[in-house]
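**Q** Chains as they are written, first to last, in the working numbering: chain V, 1 to 440; chain Z, 1001 to 1517. Beta carbons are placed, not taken as given, at the ideal position from N, Cα and C, and that holds for glycine. Take a look at this one; I'll ask things after.
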Amino acid sequence: MYDAIVVGARCAGASTALLLARRGHRVLVVDRSSFPSDVISTHFLWPHGMSYLNRWGLLEQVLAVTPAHTTVEVVNDGISLTGSVPIELLREYFRDLHGDDSGVVQSCASVRRRVLDEILVGAAAKAGAEVRTSFTVRELIVEDGQVVGIRGRTVDGELVEERARIVVGADGRNSFVARTLALPKYDERPRCTFAYWSYWSGFDLGPAQLHRRGRLACAVVPTNFDQNMVLVWGPSEWSREFRHDVPGNYQKALDFVSPELGEVVRTRGTREERIYGTLDQSAFLRPLHGPGWVLVGDAESAKDQCTAIGMTHAFRDAELVSAALDRWLRGDTSIDEAMTVYGDRRRSQNAAAYHDYVCTLAEMRPYRHDELQLFVALRGNQQETDRFIATHADVAPVSEFFQASNLFLLNDAAKESSADHAVFEDFAETSRSYQQNLFA
Amino acid sequence: MTTELDQREDGELIGIILDAAHRGDFETMARTASEVSEMTRNWATHIPWDDLASLEGADDELARVVADLTEMWEPAHLRNPVDPDEEYALDKNAYDFYRPAGRNLLTRTEDFYGWVQARRRTETWQYSRVLEAAPDSVAQITNDLGRRARGINFNSQDYLSFNTHPAIREAAAKAMHDYGPHSAGSPMVLGNTRISDDLEAALGDLVGLDHVTLFPTGWAAGFGAVVGLVRQSDHILIDRLAHSCLQQGARAATRNVVRYEHLNVEAVRRHLAEIRATDTRNGILVVTDGLFSVDADWPDLVTLQRVCREHDATLLVDVAHDLGSMGPGGTGVLGMQNLLGSVDIVMGAFSKTFCSNGGFVASNSPALKQYVKMFGGSHFFSNALSPVQTAVVREATRIIRSDEGDALRARLFTAIHALRDELTGRGLTCMGEPSPIVPLLIGNEKLARTANRLLFDRGVLAFMVEFPVTPTGSSRFRLQVQAGHRPEEAREAARIIEGAIADSRAYLSSAFGSAPR
Ligand SMILES: Cc1cc2nc3c(=O)[nH]c(=O)nc-3n(C[C@H](O)[C@H](O)[C@H](O)COP(=O)(O)OP(=O)(O)OC[C@H]3O[C@@H](n4cnc5c(N)ncnc54)[C@H](O)[C@@H]3O)c2cc1C
Ligand SMILES: Cc1ncc(COP(=O)(O)O)c(C=O)c1O
Chain V
1 MYDAIVVGAR
11 CAGASTALLL
21 ARRGHRVLVV
31 DRSSFPSDVI
41 STHFLWPHGM
51 SYLNRWGLLE
61 QVLAVTPAHT
71 TVEVVNDGIS
81 LTGSVPIELL
91 REYFRDLHGD
101 DSGVVQSCAS
111 VRRRVLDEIL
121 VGAAAKAGAE
131 VRTSFTVREL
141 IVEDGQVVGI
151 RGRTVDGELV
161 EERARIVVGA
171 DGRNSFVART
181 LALPKYDERP
191 RCTFAYWSYW
201 SGFDLGPAQL
211 HRRGRLACAV
221 VPTNFDQNMV
231 LVWGPSEWSR
241 EFRHDVPGNY
251 QKALDFVSPE
261 LGEVVRTRGT
271 REERIYGTLD
281 QSAFLRPLHG
291 PGWVLVGDAE
301 SAKDQCTAIG
311 MTHAFRDAEL
321 VSAALDRWLR
331 GDTSIDEAMT
341 VYGDRRRSQN
351 AAAYHDYVCT
361 LAEMRPYRHD
371 ELQLFVALRG
381 NQQETDRFIA
391 THADVAPVSE
401 FFQASNLFLL
411 NDAAKESSAD
421 HAVFEDFAET
431 SRSYQQNLFA
Chain Z
1001 MTTELDQRED
1011 GELIGIILDA
1021 AHRGDFETMA
1031 RTASEVSEMT
1041 RNWATHIPWD
1051 DLASLEGADD
1061 ELARVVADLT
1071 EMWEPAHLRN
1081 PVDPDEEYAL
1091 DKNAYDFYRP
1101 AGRNLLTRTE
1111 DFYGWVQARR
1121 RTETWQYSRV
1131 LEAAPDSVAQ
1141 ITNDLGRRAR
1151 GINFNSQDYL
1161 SFNTHPAIRE
1171 AAAKAMHDYG
1181 PHSAGSPMVL
1191 GNTRISDDLE
1201 AALGDLVGLD
1211 HVTLFPTGWA
1221 AGFGAVVGLV
1231 RQSDHILIDR
1241 LAHSCLQQGA
1251 RAATRNVVRY
1261 EHLNVEAVRR
1271 HLAEIRATDT
1281 RNGILVVTDG
1291 LFSVDADWPD
1301 LVTLQRVCRE
1311 HDATLLVDVA
1321 HDLGSMGPGG
1331 TGVLGMQNLL
1341 GSVDIVMGAF
1351 SKTFCSNGGF
1361 VASNSPALKQ
1371 YVKMFGGSHF
1381 FSNALSPVQT
1391 AVVREATRII
1401 RSDEGDALRA
1411 RLFTAIHALR
1421 DELTGRGLTC
1431 MGEPSPIVPL
1441 LIGNEKLART
1451 ANRLLFDRGV
1461 LAFMVEFPVT
1471 PTGSSRFRLQ
1481 VQAGHRPEEA
1491 REAARIIEGA
1501 IADSRAYLSS
1511 AFGSAPR
């Protein structure tokens, strides 16, 4: 009998197991994968994601093999903004959500999952959690409507049964736990992006760059093994046409969004792996908990990759749920109360506003005139640029930045105007042309 | 790495698997699946990648796998068609249209109008509702599709129910009889009557300040006071949530505007020290509301006024919502904090409690009065309040200060407590402190808009505030209570509101609650 069984051993699961084990609880964590191994993701960590790793004592291990930077460059229709997430906002984030702001760092990095998840699984084992990999959960044991354990198959095909006071579903978007319990989906937003990416050697462009033009976007981010993760994305409505020629359209999208990056990749880059892709990213929430079970990470809330936040959210869930479960397992509170605390945090106003923010962005409509003018107004205003980046990354609440009096003031303080940026020249015509599927 | 490089892309492989499944070619399915990347296998864990061959004969299982693979393969919006009007109406907010494109000012408003029309068609546009009768504790209204509704009215601001008070109506009738409906001039150009002077004196008495100036609206008073006093090189510190007339006044007056965190007096102290460290020559105006109209809270004005004096800054407090409706003898937040007569500048509006258009600015300085009259453009260059309006406000001020005023406030607060208790008891979140404004937190705009649509037909009239009045993602119902509301009415309304919120949450299939963080 364990205190907790965690199904899934990556960002959400291994972290939850690690934190529970460190607090002295008996934890079993299982995953059908073996490690090291990859999972679909373009694996960018914003500073709060890195801060979680630091709080858990794992950041050094990651930084030993991964390039990191404190700034990112965001270029929208040629309007470039460079900034970093302010340390004070990071502190506030951790205080608000977790009650303490220790271990905050300002850097971000792109960490291959075969690197990161291996470190997490290793740390969970070291903390005393029992880790079983290549172990597939096949059934949930339910008694009197209460989940009390799992049945699964080990590497050698043996069927085993394990029991625990709580089963944590950390098993991703296609969660086995959720499917088995026939959980509904809430707040679905079907419009999302298609994303295609690969790994390139041969150039080093420094900090992460995110570019957007019309309905398409690309990112170039330095990652492990002296490679760059080069990603293009666009509206899923265009995915069929994109798929007709994936390598050709991948390059075409790069050339369209940023001719400079397209050129670098074409002339200096060597592609090291196949091109990966997915368009299965529509957003939804699931119920968070029920008798004998609780969900974390993508299993409870899946959303589009366009703000690169899922892993950091999985870390956040791990801290929230392990704190809640710890209080219950120690007998300080009832399971209902513990879960209510977790639920309030995860289904808050701020969370709803960010969910909407990501989903709306994922529709990849061409930027409107007023949005582009906001980016112009931000140029030269470093403090507000940084706050905008923090908002985009879900460090600062959407409601604090997108507030009328703030936006009016930004406007008034603008140092540049639309005259300084080419996209405004024939804006109506340009936005019309953006509606056309580049791959048709 | 070349082998990895030459492997086919997963989408292509999934396409082949689906085609093979269609033909019943299990061998190809299994062979192709073995080429699918580790990335995708570890992610699409619901697909039995290693066991596709075993699906032969298991028709149900095969159908499920084909459905799951198709789901990964086809854009999700094709599976979930939505009403485009409804999607457009609910997913946008007004700010999305704040900076339209194009040089033609007439045509570039079209985009916004398209959105307004979508919201009208989906009955989520509340801004064109009209009254069919007096806005009593119950009211009858028509929306812009011509549909009527009658309901318990929390949509009007008449905190002491003066609109139906006989003495108020009589005062209006008498002024109408004596002076006619028109003031026929700016207050500086013979627009005032003897009633105006009386009223200025009565208001001065109420707030404990000697020098009062009337303005045609509360908005004009706030805007006029700020632009009348502050010049380009001066500074303004303004609470982030202060009323629009003050925010816009601040923007019009100077570029040196700091919006400090709501109610945070420590932040004000810090900003003042920063400003004074480099600028000892210019003025600083600190601006706040008394009772905040969308959060129902108020600042510690005692400390705020002290901090201002310590830094040679001037404090302006907008008491539009609290004056008359709360505090000892109707003296509002100032009276509650024992500050009558000791705040630098007080402004207010008559539109909430005093049963009329209009506003005022008050201070202890006759010089400031004359200066604001001359340089606050909305006083000099706007027609004076009408005699009927000044007479109504004068009578309202008299009642507010009488025993009857105390009784009315007592009734008002009985209704306020009934409403708040019932809402809170039903698990909903009322923000702020008991006051005539009861902000009921919703959060998500879509949820608020659809709940508001339901309420229209269920017998409660409520106003939903969303961006730009509130920050994005923190919309709410602003329920405005009247002395005429019976406690049972308030409780009944709370029940109906709870039902509408629950139903719209189900309609949107939303799991979000309204806890702030
Ligand atoms: C294209 C794309 C790009 C992305 N880019 C980023 C990014 O840049 N930054 C970012 O932060 N996020 C990104 N994300 C999101 C991020 O990858 C996910 O949010 C994150 O992986 C979720 O972690 P998790 O631990 O919840 O689930 P997963 O990482 O999916 O892990 C779930 C684990 O559960 C295991 N499992 C499932 N079923 C069973 C079972 N029955 N028995 C045993 N084990 C089981 C699986 O094997 C798997 O290892 C991206 C997502 C996509 C689709
Ligand atoms: C705090 C505050 N100040 C000023 C005003 C403006 O008052 P009026 O409606 O009289 O123009 C209002 C009302 O909207 C208000 O709420």
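So, does the CB of Z/M1001 fall closer than 8 Å to a CB anywhere in chain V?
**A** At Z/M1001, the pLDDT of 40 sits below 50, so the modelled position is not reliable; the number obtained from the coordinates is stated separately. Yes, Z/M1001 lies at the interface with chain V (some Cβ there is under 8 Å from its Cβ).
**Q** Residues of chain V with CB closer than 7 Å to the CB of Z/V1287, please, in chain order.
**A** Residues of chain V passing the Cβ test: none, with the nearest at roughly 11 Å.
**Q** Considering only DSSP beta bridges, list what V/S80 is partnered with.
**A** DSSP output for V/S80 lists V/V75 as bridge partner(s).
**Q** Quick check: does the Cβ of V/R32 come within less than 7 Å of any heavy atom belonging to ligand 1?
**A** yes
**Q** Let me know the secondary structure DSSP gives Z/F1350 once reduced to three states.
**A** coil
**Q** Flag V/F388 as yes when its Cβ comes closer than 7 Å to any non-hydrogen atom of ligand 1, and as no otherwise.
**A** no
**Q** Distance check for Z/S1037 and Z/T1002, CA to CA, integer angstroms please.
**A** The pLDDT assigned to Z/T1002 is 42, lower than 50, so where the model puts this residue is not dependable; a value taken from the coordinates is nonetheless given after this. Approximately 15 Å, taken between the alpha carbons.
**Q** Does the separation of the CB atoms of V/V177 and V/V7 fall below 8 Å?
**A** Going by beta carbons, V/V177 and V/V7 fall inside the 8 Å limit.
**Q** Going by DSSP, which residues form a beta bridge with V/C108?
**A** V/H69
**Q** Do the stretch 1469-1480 of chain Z and the stretch 1392-1405 of chain Z touch if we need at least three Cβ pairs shorter than 8 Å?
**A** The stretch 1469-1480 of chain Z is not in contact with the stretch 1392-1405 of chain Z.
**Q** What residues in the stretch 1031-1056 of chain Z bring their beta carbon closer than 9 Å to a beta carbon of chain V?
**A** S1037, E1038, M1039, T1040, R1041, N1042, W1043, A1044, T1045, H1046 and I1047
**Q** Where does V/N249 sit, in a helix, a strand or coil, going by DSSP?
**A** helix
**Q** Which ranges does the beta strand (DSSP E) cover as unbroken runs of at least 3 residues, wholly within the stretch 1273-1330 of chain Z, from first to last along the chain?
**A** 1284-1289 and 1314-1318
**Q** Select from Z/T1028, Z/A1173 and Z/S1183 the residue whose C-alpha is nearest the C-alpha of Z/N1383.
**A** Z/S1183
**Q** In three-state terms, what does DSSP make of V/T307?
**A** In this structure, V/T307 counts as helix in the three-state DSSP scheme.
**Q** For Z/P1471, go through chain V and note every residue whose CB falls closer than 9 Å to its CB, in chain order.
**A** A353, P397, V398, S399, E400, F401, F402, Q403, A404 and N406
**Q** So what does V/W200 bridge to, in DSSP terms?
**A** V/N228 and V/R271
**Q** Measuring from the CB of V/G297, is there a heavy atom of ligand 1 at a distance below 7 Å?
**A** yes
**Q** Count the other C-beta atoms from every protein chain shown that fall within 10 angstroms of the C-beta of V/Y199, then say buried if there are 16 or more, exposed otherwise.
**A** With 16 or more Cβ atoms within 10 Å of its Cβ, V/Y199 is classed as buried.
**Q** Tell me where the alpha helix (DSSP H) around V/Y354 begins and ends.
**A** Q349 to A362 is the extent of the alpha helix (DSSP H) around V/Y354.
**Q** For a contact defined as C-beta to C-beta under 9 Å, what are the partners of V/L279 on chain Z?
**A** G1011, M1072, W1073, E1074, P1075 and A1076
**Q** Which runs of the beta strand (DSSP E) fall wholly inside the stretch 1374-1447 of chain Z and span at least 3 residues, in chain order?
**A** 1437-1443
**Q** With 7 Å as the limit, tell me which residues of the stretch 1493-1507 of chain Z have their beta carbon closer than that to any beta carbon of chain V; keep them in chain order.
**A** none
**Q** For chain V, is any of its Cβ atoms less than 8 Å away from the one on Z/V1257?
**A** At least one C-beta of chain V is nearer than 8 Å to the C-beta of Z/V1257.
**Q** Which of the residues in the stretch 1213-1242 of chain Z, read from start to end, lie with their CB under 7 Å from any CB of chain V?
**A** R1240
**Q** Taking Cβ to Cβ, would you say V/A362 is nearer than 8 Å to V/P397?
**A** no
**Q** Count the other CB atoms within 10 Å of the CB of Z/H1022; is the residue buried (16 or more) or exposed (fewer)?
**A** Exposed: under 16 other Cβ atoms inside 10 Å.
**Q** Report yes if the C-beta distance between Z/G1332 and Z/V1319 is below 8 Å; otherwise report no.
**A** yes
**Q** Just tell me which of Z/N1264, Z/P1299 and Z/R1309 has its CA closest to the CA of Z/K1283.
**A** The sequence shown places Gly at residue 1283 of chain Z, rather than the Lys named in the question. Closest by alpha carbon: Z/R1309.
**Q** On the DSSP bridge list, what partners appear for V/T391?
**A** Its beta-bridge partners do not exist; DSSP assigns none.
**Q** When the Cβ atoms of the stretch 296-305 of chain V are set against those of the stretch 167-174 of chain V, are three or more pairs found closer than 8 Å?
**A** Here the stretch 296-305 of chain V makes contact with the stretch 167-174 of chain V; the two share three or more CB pairs at distances below 8 Å.
**Q** Using a Cβ cut-off of 7 Å, which residues of the stretch 116-147 of chain V contact any Cβ in chain Z, in chain order?
**A** Flagged: no residues at all.
**Q** Restricting to Cα atoms, I'd like to know which of V/D332, V/V395 and V/H369 is closest to V/N350.
**A** V/V395
**Q** If V/S37 sits next to V/L120, beta carbons under 8 Å apart, how far is it from one beta carbon to the other, in whole angstroms?
**A** So it is not a contact: roughly 12 Å between Cβ atoms.
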